[in-house]
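With full-length UniProt numbering applied, the sequence shown corresponds to residues 1 to 568, in that order.
Everything below concerns the one structure shown next.
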Amino acid sequence: MDSNNFIKKATKKLRRHQHVLTKETGVTCSAAPTTNLGICNTGAVNGLTEETIIENFHHFGPLERILLIPGKSCAFVSYKNQTSAIKAFESANATLKIAQGGKPVYLTYVEALPEATHDKIYDRLPPGLTIIEDFISEQEEHVLISLCNFSQISGMKHRQVRHFGYEFRYDINNVDKDKPLPEKIPNECNSLLERLPISFHPDQLTVNHYNPGQGIPPHIDTHSAFEDPILSLSLNSAVVMEFKNKETVCVLLPRRSLLIMSGESRYAWTHGIIPRKYDFCYSGEGCNAFERGIRVSFTFRKVRQGECDCTFHRFCDSRQKNKIGADLAHKLENQHVHDVYEDIAGHFSETRHKPWPNVLNFVNNLAVGSVLVDVGCGNGKYFGYKKEIIELGTDRSFKLNDVCKERGFEVFTGNCLSLPLKDEIADAVISIAVIHHLSTEERRLKAVSEIARVLRLGGEGLICVWAKQQVKNHEKSTYIKQDRKNRRNDEIRVLEGVNLPVHTNRTDFNHSDVLVPWKLKNQEVTFLRFYHVFEEGELDQLCEKVGGLSLVKSYYDQGNYCVQFKKI
1 MDSNNFIKKA TKKLRRHQHV LTKETGVTCS AAPTTNLGIC NTGAVNGLTE ETIIENFHHF
61 GPLERILLIP GKSCAFVSYK NQTSAIKAFE SANATLKIAQ GGKPVYLTYV EALPEATHDK
121 IYDRLPPGLT IIEDFISEQE EHVLISLCNF SQISGMKHRQ VRHFGYEFRY DINNVDKDKP
181 LPEKIPNECN SLLERLPISF HPDQLTVNHY NPGQGIPPHI DTHSAFEDPI LSLSLNSAVV
241 MEFKNKETVC VLLPRRSLLI MSGESRYAWT HGIIPRKYDF CYSGEGCNAF ERGIRVSFTF
301 RKVRQGECDC TFHRFCDSRQ KNKIGADLAH KLENQHVHDV YEDIAGHFSE TRHKPWPNVL
361 NFVNNLAVGS VLVDVGCGNG KYFGYKKEII ELGTDRSFKL NDVCKERGFE VFTGNCLSLP
421 LKDEIADAVI SIAVIHHLST EERRLKAVSE IARVLRLGGE GLICVWAKQQ VKNHEKSTYI
481 KQDRKNRRND EIRVLEGVNL PVHTNRTDFN HSDVLVPWKL KNQEVTFLRF YHVFEEGELD
541 QLCEKVGGLS LVKSYYDQGN YCVQFKKI
């Protein structure tokens, strides 16, 4: 295609995209250069991320703001000066292939960005959090990094790690207090601890080595394991850490800075690092975007002797008096999962006929001749779409299996905790809205292990569970949007000594373990199903604990957390 035809076609497409952009966001497109660019044909709904925007647009000049709008197929980039915006427009328009399917993006100048607030907070810290910049010198940084030869240390999936004093066990998020390590915290750290603004004498040190792109799943350090505070020193590279407790606060940890987590920030806020190679945060000077380097963190803790006596009972493992044992878990699931689904199978099947698009896309992308196993297949709503594969379903409900058989699907009765299948017989396994019915972490871990066992090497799995978070980026999930009138008041039901709250339908979740009502049409009786709704990052951590699984992607989908993984 000659250049004139290319320009004509690109101009025609751009006009069409500009019209859609204005209609969707209300912005005014400009023929003359401005500092603001609209990315017309791809956005959050197409999978565009802030990291991708930074990676491809930050080198044209200093950024002022990046804006992705939930549910929209467009985005915006604002520069501090017009020269940078012109460079970006002339270099990337109709040529930069970051739109869905590897297609080029179409850019337009806009007079101003649409009105939108950040869904994340950048201008304040969580209560109890302190950042001390330039806590150590460059020379001290060099000495600390030289203490650890990471080439001789086995690595985790997300980082290389070394322990002093006690080994921090990531599988249980705790230490074995009866097995101290012979190697104590290095003496080179003493002078640093002496200059702390607080009195603190740690006896455990974890040193992590992160390559660019590696992160940390959101978590709260186990209350009963460590005292308050927890300190983390960032070496060799800056990073942005996210803290979450109903709202999300993004905190820049500069190179050689010290993070002190105390009080509420230590006990009640999760902290984590998004796995990405480019980071950014906002200040009064605009958007600070930077490429991550290799980062080394020194995390100092004091091992707790005895139980935690904090006031943050909701997050405290020492305060969880209603832990469900193995025998009770079996009874609870029989009564409030298996028996209920037998009673509601017909009505349940009538309301579960439309497959989730992302799950169906996973199934449709399987190679010809693949063996697919659906663990907890229900009424078989993911079967019959891909004709060239072998489909096997299993469910604990006899009546739902009968529904599948009537539809001509191959199913068998089974329990996700002990699948009656040989090792490595499946090319793919899906388990959709199943594992959240298991009442203990041990049982949920066992279910994921069974999925991993029946997968062949190189095979992929997809697990989806109900999320505790039903509103994300100001967008309500489908569950919340279906605001029906048959609500119940939140009340406590006692099951053999365990108190469980009854969830109020079509509302956000206040508890992790709940009983969710199901009411049959034209009947007074209400059935209560047990659910463990997942925190963000919890499903990722569960899959990591199994071992032998490599995360392909993790995403939030209409009030559900989903993890796709490969067996390695």
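C-beta atoms are modelled at their ideal positions from N, C-alpha and C, and glycine is treated no differently.
Distance cutoff 8 Å, beta carbons only. Does residue i sit that close to anything in chain C?
{"i": "T28", "result": "Absent here is chain C; the protein component of the structure consists of one chain."}
Report whether the distance from the Cβ of residue i to the nearest heavy atom of the ligand GDP is below 7 Å.
{"i": "D395", "result": "The ligand GDP is not among the ligands present in this structure, which contains no ligands whatsoever."}
Is it the case that the Cβ atoms of residue i and residue j are separated by a distance below 8 Å?
{"i": "Y382", "j": "L366", "result": "no"}
{"i": "I69", "j": "G38", "result": "no"}
{"i": "F76", "j": "L48", "result": "no"}
{"i": "S30", "j": "P62", "result": "no"}
{"i": "S234", "j": "R195", "result": "no"}
{"i": "T95", "j": "L21", "result": "no"}
{"i": "Q82", "j": "T25", "result": "no"}
{"i": "L542", "j": "R453", "result": "no"}
{"i": "F243", "j": "T270", "result": "yes"}
{"i": "A447", "j": "I435", "result": "yes"}
{"i": "L549", "j": "K521", "result": "no"}
{"i": "G165", "j": "L144", "result": "no"}
{"i": "E410", "j": "L392", "result": "yes"}
{"i": "H362", "j": "Q564", "result": "The sequence given here has Phe at residue 362, not His. Their beta carbons are under 8 Å apart, which means F362 touches Q564 by this criterion."}
{"i": "L259", "j": "L253", "result": "yes"}
{"i": "P332", "j": "F530", "result": "Residue 332 is actually Leu in this sequence, not Pro. In contact: L332 and F530 (Cβ atoms closer than 8 Å)."}
{"i": "D339", "j": "H223", "result": "no"}
Closest by CA to residue i, which one among the options?
{"i": "G461", "options": "N358, A238, V105, S318", "result": "N358"}
{"i": "K472", "options": "P212, Q558, A75", "result": "Q558"}
{"i": "F290", "options": "K23, E50, D540, T35", "result": "E50"}
{"i": "Q469", "options": "Y341, N560, I98", "result": "N560"}
{"i": "H201", "options": "L193, T507, R162", "result": "L193"}
{"i": "Q160", "options": "K387, T206, R456, G346", "result": "T206"}
{"i": "F534", "options": "R453, L457, S439, V546", "result": "S439"}
{"i": "Y556", "options": "T52, F60, G102, G71", "result": "G71"}
{"i": "E450", "options": "K422, I260, V502", "result": "K422"}
{"i": "I273", "options": "S297, E90, K566, S283", "result": "S297"}
{"i": "C310", "options": "G380, D228, S550", "result": "D228"}
{"i": "I230", "options": "D203, L252, V110, K97", "result": "D203"}
{"i": "C562", "options": "M261, P180, W356", "result": "W356"}
{"i": "H219", "options": "M241, N236, N499", "result": "M241"}
{"i": "Y282", "options": "V249, N174, M261", "result": "V249"}
{"i": "Q523", "options": "K354, I53, V368, D343", "result": "D343"}
{"i": "E115", "options": "V175, L147, T28", "result": "T28"}
For residue i, write down the residues that DSSP places opposite it in a beta bridge.
{"i": "V110", "result": "C29, N36"}
{"i": "W466", "result": "N560"}
{"i": "Q100", "result": "Answer is none; Q100 lacks a bridge partner."}
{"i": "S232", "result": "L259, T299"}
{"i": "K567", "result": "L549"}
{"i": "A289", "result": "F280"}
{"i": "Y210", "result": "R295"}
{"i": "S318", "result": "Beta-bridge pairing links S318 to no other residue."}
{"i": "V45", "result": "Looking at the DSSP assignment, V45 forms no beta bridge with any residue, so it has no partner."}
Could you pull the start and end residues of the alpha helix (DSSP H) that residue i belongs to?
{"i": "R453", "result": "441-454"}
{"i": "P357", "result": "357-364"}
{"i": "G393", "result": "Careful: G393 lies outside any alpha helix (DSSP H), inside the beta strand (DSSP E) at 390-395."}
{"i": "H59", "result": "Unbroken run through H59: none, as it is neither H nor E."}
{"i": "H532", "result": "Taken as a continuous stretch (DSSP letters only), H532 belongs to no alpha helix (DSSP H), being part of the beta strand (DSSP E) at 526-532."}
{"i": "Q82", "result": "82-92"}
{"i": "V340", "result": "339-350"}
{"i": "A329", "result": "326-333"}
{"i": "L192", "result": "190-194"}
{"i": "L400", "result": "398-406"}
Which whole-angstrom value describes the C-beta separation of residue i and residue j, a residue pair presumed to lie in contact below a C-beta threshold of 8 Å?
{"i": "V429", "j": "V373", "result": "5 Å"}
{"i": "T413", "j": "D402", "result": "Not quite, the Cβ-Cβ distance comes to about 10 Å (not below 8 Å), so this is no contact."}
{"i": "A99", "j": "N56", "result": "About 11 Å separates the two Cβ atoms, so there is no contact after all."}
{"i": "G286", "j": "K80", "result": "6 Å"}
{"i": "K302", "j": "A345", "result": "In fact, because the Cβ distance is near 53 Å, the residues do not count as touching under 8 Å."}
{"i": "N379", "j": "C416", "result": "No, N379 and C416 are not in contact; Cβ-Cβ is about 17 Å, not under 8 Å."}
{"i": "S265", "j": "L129", "result": "4 Å"}
{"i": "L528", "j": "V516", "result": "7 Å"}
{"i": "E133", "j": "S257", "result": "5 Å"}
Grab the span of the beta strand (DSSP E) containing residue i for me, first residue to last.
{"i": "D508", "result": "Taken as a continuous stretch (DSSP letters only), D508 belongs to no beta strand (DSSP E), as it is neither H nor E."}
{"i": "L515", "result": "513-519"}
{"i": "V373", "result": "371-375"}
{"i": "S431", "result": "426-432"}
{"i": "C250", "result": "247-253"}
{"i": "H142", "result": "No beta strand (DSSP E) holds H142; the alpha helix (DSSP H) holding it covers 138-146."}
{"i": "R266", "result": "Segment 264-267 is the alpha helix (DSSP H) holding R266; no beta strand (DSSP E) there."}
{"i": "H163", "result": "160-164"}
{"i": "F412", "result": "411-413"}
{"i": "S224", "result": "Neither: S224 is in no beta strand (DSSP E) and is coded neither H nor E."}
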